[in-house]
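K.L.:
Protein chains in written order, with numbering that gives the first Met the number 0: chain A, 0 to 321; chain B, 0 to 335; chain C, 0 to 322.
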Amino acid sequence: MGPFPRSKNMEKFGQRKDAVDIVFQRTMLVFPLLVLLIVGGIFVQLLLSSWISIKEFGPAFLVTSTWDPVAEKFGALPFIFGTIVSSLVALLLAVPIGLGTAIYLAEYAPQWPRRIISSLVDLLAAIPSVIYGLWGIFVLVPVMRSHVQPFLGKYLGFLPFFQGPAYGIGMFSASVILAIMIIPFIISISREVILAVPHVYKEAAYAMGATRWEAICTIILSYGKAGILGGIILAMGRAIGETMAVTMAIGNNVKISASLFSPAYTLASVIANEFAEATSKLYLASLTHIGLVLFLVSIVVNILAWLLLWRINERQKIFQGR
Amino acid sequence: MVRKILGLTLLIGLCSTTAFAAVLINGAGATFPYPIYSKWFDVYHKMNPEIQFNYQSIGSGGGIKQITAKTVDFGASDGPMTQDQLNEAPGRIYHIPMVMGAVVITYNVEGLDKNLKFTPDVVADIFLDKITNWNDPRIAAANPGVRLPSGSILVVHRSDGSGTSYIFTDYLSSISSAWKAKVGKGTSVNWPVGLGGKGNEGVAGLIKQTPGSIGYVELSYAIKNDLDYAELENSSGHFIKPDLDSTAKAAQGVKIPDDFRVSLVNSSNPDAYPISGFTWVLIYKDMEDHVKGKAIVDFIKWAIHDGQAYTEDLLYAPLPAEVIEMIEKKLEQVKY
Amino acid sequence: MNGRKSFKDDEFSFDMNTMTGISSAWSETKIKERVLTQFNQTRARRNIINATAVYGLSFCAILVLFCLFNIIFHLLVQGFSSLNRDFFLQLPKPVGEPGGGTANAIVGTLILLIVAVLVGVPIGLGAGIYLSEYAHQRFAQAVRFTTDVMNGIPSIVFGIFAWTILVVPFKSFSALSGGIALGIMMIPMITRTTEGFVRMVPVPLREAGLAIGTPKWRVIKDIVVPSSLGGIVTGIMVSLARVAGETAPLLFTAFGNHFWHSSLLAPIAALPLQIFSYAISPFEDWHRQAWAGALVLILIVFVINLCSSYFVGRQRRMFSSHK
Numbered sequence: 000m001g002p003f004p005r006s007k008n009m010e011k012f013g014q015r016k017d018a019v020d021i022v023f024q025r026t027m028l029v030f031p032l033l034v035l036l037i038v039g040g041i042f043v044q045l046l047l048s049s050w051i052s053i054k055e056f057g058p059a060f061l062v063t064s065t066w067d068p069v070a071e072k073f074g075a076l077p078f079i080f081g082t083i084v085s086s087l088v089a090l091l092l093a094v095p096i097g098l099g100t101a102i103y104l105a106e107y108a109p110q111w112p113r114r115i116i117s118s119l120v121d122l123l124a125a126i127p128s129v130i131y132g133l134w135g136i137f138v139l140v141p142v143m144r145s146h147v148q149p150f151l152g153k154y155l156g157f158l159p160f161f162q163g164p165a166y167g168i169g170m171f172s173a174s175v176i177l178a179i180m181i182i183p184f185i186i187s188i189s190r191e192v193i194l195a196v197p198h199v200y201k202e203a204a205y206a207m208g209a210t211r212w213e214a215i216c217t218i219i220l221s222y223g224k225a226g227i228l229g230g231i232i233l234a235m236g237r238a239i240g241e242t243m244a245v246t247m248a249i250g251n252n253v254k255i256s257a258s259l260f261s262p263a264y265t266l267a268s269v270i271a272n273e274f275a276e277a278t279s280k281l282y283l284a285s286l287t288h289i290g291l292v293l294f295l296v297s298i299v300v301n302i303l304a305w306l307l308l309w310r311i312n313e314r315q316k317i318f319q320g321r
Numbered sequence: 000m001v002r003k004i005l006g007l008t009l010l011i012g013l014c015s016t017t018a019f020a021a022v023l024i025n026g027a028g029a030t031f032p033y034p035i036y037s038k039w040f041d042v043y044h045k046m047n048p049e050i051q052f053n054y055q056s057i058g059s060g061g062g063i064k065q066i067t068a069k070t071v072d073f074g075a076s077d078g079p080m081t082q083d084q085l086n087e088a089p090g091r092i093y094h095i096p097m098v099m100g101a102v103v104i105t106y107n108v109e110g111l112d113k114n115l116k117f118t119p120d121v122v123a124d125i126f127l128d129k130i131t132n133w134n135d136p137r138i139a140a141a142n143p144g145v146r147l148p149s150g151s152i153l154v155v156h157r158s159d160g161s162g163t164s165y166i167f168t169d170y171l172s173s174i175s176s177a178w179k180a181k182v183g184k185g186t187s188v189n190w191p192v193g194l195g196g197k198g199n200e201g202v203a204g205l206i207k208q209t210p211g212s213i214g215y216v217e218l219s220y221a222i223k224n225d226l227d228y229a230e231l232e233n234s235s236g237h238f239i240k241p242d243l244d245s246t247a248k249a250a251q252g253v254k255i256p257d258d259f260r261v262s263l264v265n266s267s268n269p270d271a272y273p274i275s276g277f278t279w280v281l282i283y284k285d286m287e288d289h290v291k292g293k294a295i296v297d298f299i300k301w302a303i304h305d306g307q308a309y310t311e312d313l314l315y316a317p318l319p320a321e322v323i324e325m326i327e328k329k330l331e332q333v334k335y
Numbered sequence: 000m001n002g003r004k005s006f007k008d009d010e011f012s013f014d015m016n017t018m019t020g021i022s023s024a025w026s027e028t029k030i031k032e033r034v035l036t037q038f039n040q041t042r043a044r045r046n047i048i049n050a051t052a053v054y055g056l057s058f059c060a061i062l063v064l065f066c067l068f069n070i071i072f073h074l075l076v077q078g079f080s081s082l083n084r085d086f087f088l089q090l091p092k093p094v095g096e097p098g099g100g101t102a103n104a105i106v107g108t109l110i111l112l113i114v115a116v117l118v119g120v121p122i123g124l125g126a127g128i129y130l131s132e133y134a135h136q137r138f139a140q141a142v143r144f145t146t147d148v149m150n151g152i153p154s155i156v157f158g159i160f161a162w163t164i165l166v167v168p169f170k171s172f173s174a175l176s177g178g179i180a181l182g183i184m185m186i187p188m189i190t191r192t193t194e195g196f197v198r199m200v201p202v203p204l205r206e207a208g209l210a211i212g213t214p215k216w217r218v219i220k221d222i223v224v225p226s227s228l229g230g231i232v233t234g235i236m237v238s239l240a241r242v243a244g245e246t247a248p249l250l251f252t253a254f255g256n257h258f259w260h261s262s263l264l265a266p267i268a269a270l271p272l273q274i275f276s277y278a279i280s281p282f283e284d285w286h287r288q289a290w291a292g293a294l295v296l297i298l299i300v301f302v303i304n305l306c307s308s309y310f311v312g313r314q315r316r317m318f319s320s321h322k
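1. Got a sec, what are the start and stop residues for the beta strand (DSSP E) Pro277 (chain B) sits in?
2. Evaluate contact between the region 308-317 of chain C and the region 157-172 of chain A, counting only Cβ atoms and requiring at least three cross-stretch pairs below 8 Å.
3. Looking at the C-beta of Glu10 (chain C), does it have a partner C-beta in chain A at a distance below 8 Å?
4. Counting only beta-carbon separations shorter than 8 Å, does Leu65 (chain A) have a partner in chain B?
5. On the three-state DSSP scale, how would you describe Asn107 (chain B)?
6. Measuring CB to CB, does Ala141 (chain B) end up less than 8 Å from Lys116 (chain B)?
7. Taking 8 Å as the threshold (beta carbon to beta carbon), is Ala316 (chain B) in contact with chain C?
8. Give me the chain B residues within the contact set of Lys170 (chain C), using Cβ-Cβ distance strictly less than 8 Å, ordered along the chain.
9. Please compile the residues from chain C whose C-beta is within a distance smaller than 7 Å of the C-beta of Asn301 (chain A).
10. Using a C-beta cutoff of 8 Å, does Thr16 (chain B) count as contacting chain C?
11. Would you decide whether Val192 (chain A) is buried or exposed? Buried here means 16 or more other CB atoms lie within 10 Å of its CB.
12. For a test of the three-state rule: what should DSSP assign to Met46 (chain B), helix, strand or coil?
13. Establish whether the CB of Val22 (chain A) and some CB of chain B are separated by less than 8 Å.
14. In terms of residue numbering, what span does the beta strand (DSSP E) encompassing Asn69 (chain C) cover?
15. Only counting runs of 4 or more residues, tell me where the alpha helix (DSSP H) segments fall wholly within the region 48-94 of chain A, in order along the chain.
16. Looking only at its own chain, which residues have a Cβ that is under 7 Å from the Cβ of Ala304 (chain A), when we skip the five neighbours before and after it?
17. For Ser76 (chain B), does the three-state DSSP call read helix, strand or coil?
18. Who are the neighbours of Gln44 (chain A) on chain C, taking C-beta pairs under 7 Å?
19. Give me the residue from A:Met180, A:Tyr166, A:Val34 with the minimum Cα distance to Val118 (chain C).
20. For chain C, check one thing: does any of its Cβ atoms lie closer than 8 Å to the Cβ of Lys38 (chain B)?
21. Take Ile96 (chain A) as the anchor and find which of A:Ile179, A:Leu291, A:Tyr200 has the nearest alpha-carbon.
22. Who are the near neighbours of Ala24 (chain C) in its chain, counting only those whose CB is closer than 6 Å to its CB and skipping five residues on each side?
23. Nearest-angstrom Cα distance between Gly167 (chain A) and Ala52 (chain C)?
24. Which same chain residues, not among the five before or five after Val88 (chain A), have their C-beta less than 6 Å away from its C-beta?
25. Can you grab the Cα-Cα spacing for the pair Thr193 (chain C) / Arg114 (chain A), in whole Å?
26. Can you give me the C-alpha to C-alpha distance between Met149 (chain C) and Ile302 (chain A), rounded to a whole angstrom?
27. Return helix, strand or coil for Asn86 (chain B), following the three-state DSSP convention.
28. Looking at the structure shown, is Asn8 (chain A) part of a helix, part of a strand, or coil, going by DSSP?
29. Can you give, in chain order, each stretch of the alpha helix (DSSP H) that sits fully within the region 191-259 of chain A and has at least 4 residues?
30. For His289 (chain B), does the count of other Cβ atoms within 10 angstroms reach 16, so buried, or fall short, so exposed?
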């Protein structure tokens with residue numbers, strides 16, 4: 000390379016344009032376009048591959064509960080049901096615990112345990128899904144079968160959710176694993192949101208004689224509502240798309256049952272189990288169709304979370320700006 | 000520093016890539032014969048170090064699909080391909096039987112001192128969710144003197160497309176009209192009840208882990224994992240314990256068609272175990288790759304002769320002599 | 000002066016309220032009202048509630064830690080007792096035979112990660128730099144939004160995508176398709192962290208470069224990127240750690256292999272796949288190896304994460320020295 004071309008006239012900083020600069024800028028443009036292209040490509044590919052199924056079953060695919068590869072009748076309802084229930088139960092378990100931990104970390108914990116616990120929580124987030132599944136099969140499921148489920152069946156057995164034999168493997172165990180997997184998300188996002196609550200408000204509450212707990216309930220939680228909700232939705236997105244750990248623990252049965260003890264199936268785990276071995280074209284297209292549903296659901300969930308969290312970000316910017 | 004690490008890892012990658020430039024033959028399919036296939040591939044690789052067979056036990060449905068899509072060099076299945084599936088394939092596909100095996104009803108019930116006995120209708124009704132408790136009088140009727148515990152039955156079936164499921168549902172369809180009408184036979188079916196396990200491994204794993212469960216696996220998976228398995232009443236009314244002899248008897252007196260696609264379930268032989276079947280490898284008649292084609296055919300020739308010696312250890316029944324002759328003739332038609 | 004300040008405060012609170020939509024809720028009277036409703040209860044009762052809350056909240060934290068320690072405990076105990084030399088040096092044994100190892104899967108995972116880095120890093124890095132240095136507000140916002148959405152797409156969907164574009168046309172499961180699936184998954188995180196750290200490079204630093212007549216691309220290459228390198232590497236490491244343990248996208252791309260892989264276009268073994276198939280199997284010895292594999296996998300993930308915190312520390316020191 001020779002000497003760098005320089006323009007003779009002094010221009011505004013950063014506005015200097017020469018040939019290499021323009022080429023460089025154009026080349027760099029390829030990368031963000033590639034990002035857009037990949038996401039668009041995923042959508043198009045999913046749509047194309049599932050086209051026969053979309054044509055054959057139409058929107059009824061989402062509300063049909065038969066999944067019969069012999070008769071080639073496919074409907075995604077059992078998987079949608081399994082996905083929604085397992086995610087909701089997981090949230091029910093994870094939100095109070097996660098939020099509680101986040102409040103503890105942000106408001107109560109002294110400096111050193113705060114730092115240690117925070118990094119341990121990050122560690123929890125870093126454990127791969129398949130390892131959660133392994134732990135689920137060999138540690139959690141036996142405990143569920145011999146202790147937790149009989150206990151729940153005995154004392155809460157009048158509810159339809161806790162009826163039926165305790166096999167360990169099933170919706171409940173999968174939900175517990177999911178809950179453990181999404182807790183780190185809820186903790187880290189809620190903690191950020193809580194820490195972002197301006198001190199003046201808290202101080203105002205204390206000044207009026209509020210106890211710490213009252214300050215948390217009245218000020219912090221309602222101020223951070225949107226952000227915490229965003230975090231919860233994001234965590235739900237994770238739970239919906241989670242594949243391996245769920246596949247290993249949920250029991251893989253195409254059946255809609257009210258009991259949490261019975262085996263179930265989710266959108267992601269049916270793809271994991273059956274995609275490589277779907278024999279007919281329609282079968283494969285139906286599985287891709289499920290992939291498409293999963294893709295669209297995850298996009299909707301992320302848009303929701305994004306809208307909620309974006310507001311928080313903007314607000315924080317104002318405070319930083321001050 | 001970063002560059003050094005990157006360079007080092009790249010180096011490792013390249014070394015391992017170039018150092019093993021052998022013929023790699025990819026196969027996929029049935030989990031039913033997986034124990035013997037992996038033994039064969041291991042032994043064969045030691046005899047012919049330049050040839051590697053990579054076999055993934057993803058289920059027979061997967062074997063059929065992947066060979067049809069030509070994403071593997073050979074498929075394996077214990078459910079024969081249907082005529083539709085054969086027509087859909089881009090070339091002529093041969094079914095080559097490799098061994099015979101038995102699908103056994105295996106269960107995890109504590110406190111039993113001997114193997115349970117089942118009649119066909121009881122098996123069908125358990126899998127149809129009509130018999131749901133271990134102390135059901137119909138189970139007890141076939142097992143006089145056995146103290147059956149009270150507890151619900153947990154059915155375990157395959158979650159993947161499976162030839163074991165094919166053989167099992169083929170059997171259930173042949174003995175139960177209710178099953179035939181409601182579920183039918185196939186590598187994947189719409190199970191009325193139960194947990195899904197991935198592969199014979201997965202089903203055996205679930206049964207081992209779960210008290211009160213019942214399921215079906217290939218004989219060797221039951222024996223190798225110390226699972227209890229049932230004696231089953233065959234078409235002649237005898238209770239037969241699945242083993243090598245009773246499995247082998249299932250093929251006696253059965254006319255083997257030229258394309259080998261034959262069902263051996265519910266054999267009329269009075270000593271035969273009723274849920275037995277061939278397991279096939281699926282290959283194209285016209286192989287695209289000469290080297291791989293030759294390697295596959297050579298391997299099959301070895302497996303149906305010398306390879307049959309390993310069957311007993313791994314609890315499969317060897318092929319009948321006349322079938323081996325038929326296979327040899329068939330292999331001569333394979334072009335590579 | 001005083002008047003001006005209060006005007007500013009007003010302006011600020013107006014801004015905040017429109018942004019948050021919580022308009023009147025945060026006036027002084029509202030806070031007062033909210034807090035004062037609590038005073039209906041006696042002081043003693045309020046103190047008791049306050050004290051119990053501490054226990055409730057710490058119980059949550061303890062529960063979370065208990066789960067973590069339980070997982071780590073089992074990994075260490077079962078994993079360490081199962082690790083041996085063979086595990087790192089041998090190929091898998093035939094089904095049901097004890098012994099053997101997963102040397103090919105460990106190497107396979109490293110190779111998949113290399114492919115992933117080769118795919119994910121250039122795209123993520125380029126997109127991040129473009130977003131920070133060139134993009135118009137709207138375009139940048141669109142790409143940012145896309146990356147956020149992409150971050151939330153279930154990993155198995157990337158597997159289907161790689162299968163349709165690479166496995167079907169090439170007619171073979173391959174290391175390449177698996178690596179590319181993982182690489183695509185790395186893009187969003189690399190893009191966002193790169194953009195963030197590049198943006199943090201102080202403006203005077205850039206201006207210094209531009210002032211002596213350096214073209215913008217040279218400023219980016221020689222000033223902006225090097226001074227945010229620590230942060231960029233951190234982003235790469237974190238995303239690498241995330242995909243290192245991914246199993247779902249590999250199920251029908253990398254596929255698994257019992258031997259050493261022969262080329263990038265052939266199936267390849269991967270540690271997470273191996274753990275999965277061993278874990279669901281009935282064989283005791285495979286369970287043992289699944290735990291050993293899990294321990295090795297998690298060590299790989301943690302080492303990558305540790306490296307990333309080293310780089311982020313370096314980045315921090317760099318910026319603090321600028322000040």
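Where is the CB? At the ideal position from N, CA and C, for every residue including glycine.
P.N.:
Considering the structure as presented:
1. The sequence as given places Phe at residue 277 (chain B); Pro does not occur at that position. Looking at the DSSP string, the run of the beta strand (DSSP E) that includes Phe277 (chain B) is 275-283.
2. no
3. Model confidence at Glu10 (chain C) stands at a pLDDT of 35, short of 50, so the residue's coordinates are unreliable and nothing is read from them.
4. A small fix is needed here, since residue 65 (chain A) is Thr in this sequence, not Leu. Chain B, which has a Cβ nearer than 8 Å to the Cβ of Thr65 (chain A), makes this yes.
5. strand
6. yes
7. The beta carbon of Ala316 (chain B) sits no closer than 8 Å to any beta carbon of chain C.
8. Within 8 Å Cβ-Cβ: Ala68, Lys69, Thr70.
9. Neighbourhood of Asn301 (chain A) in chain C, by CB distance below 7 Å: Asp147, Val148, Gly151, in chain order.
10. Residue confidence is low: Thr16 (chain B) scores 46 on pLDDT, short of 50, so the model does not pin down where it sits. Its coordinate-derived value is still stated next. Closer than 8 Å to some Cβ of chain C, the Cβ of Thr16 (chain B) qualifies, so yes.
11. buried
12. helix
13. By the rule that beta-carbons nearer than 8 Å mark a contact, Val22 (chain A) does not touch chain B.
14. Asn69 (chain C) -> not in any beta strand (DSSP E); alpha helix (DSSP H) instead, spanning 42-81.
15. 50-56
16. Gly229, Ile232, Leu233, Gly236
17. strand
18. By Cβ distance, chain C contributes Phe160, Thr163, Ile164.
19. A:Val34
20. yes
21. The shortest C-alpha separation from Ile96 (chain A) is found at A:Ile179.
22. In this predicted model, Ala24 (chain C) has a pLDDT of only 47, less than 50, meaning its place in the structure is not dependable; the value taken from the coordinates is given anyway. Counting only Cβ-Cβ distances below 6 Å, and skipping sequence neighbours, we find nothing.
23. The alpha-carbon atoms of Gly167 (chain A) and Ala52 (chain C) are separated by roughly 33 Å.
24. Ser174
25. The alpha-carbon atoms of Thr193 (chain C) and Arg114 (chain A) are separated by roughly 25 Å.
26. Approximately 11 Å between the Cα atoms of the pair.
27. helix
28. At Asn8 (chain A), the pLDDT of 43 sits below 50, so the modelled position is not reliable; the number obtained from the coordinates is stated separately. Asn8 (chain A): coil per DSSP, three-state reduction.
29. 198-206, 211-214, 224-240, 243-248
30. exposed
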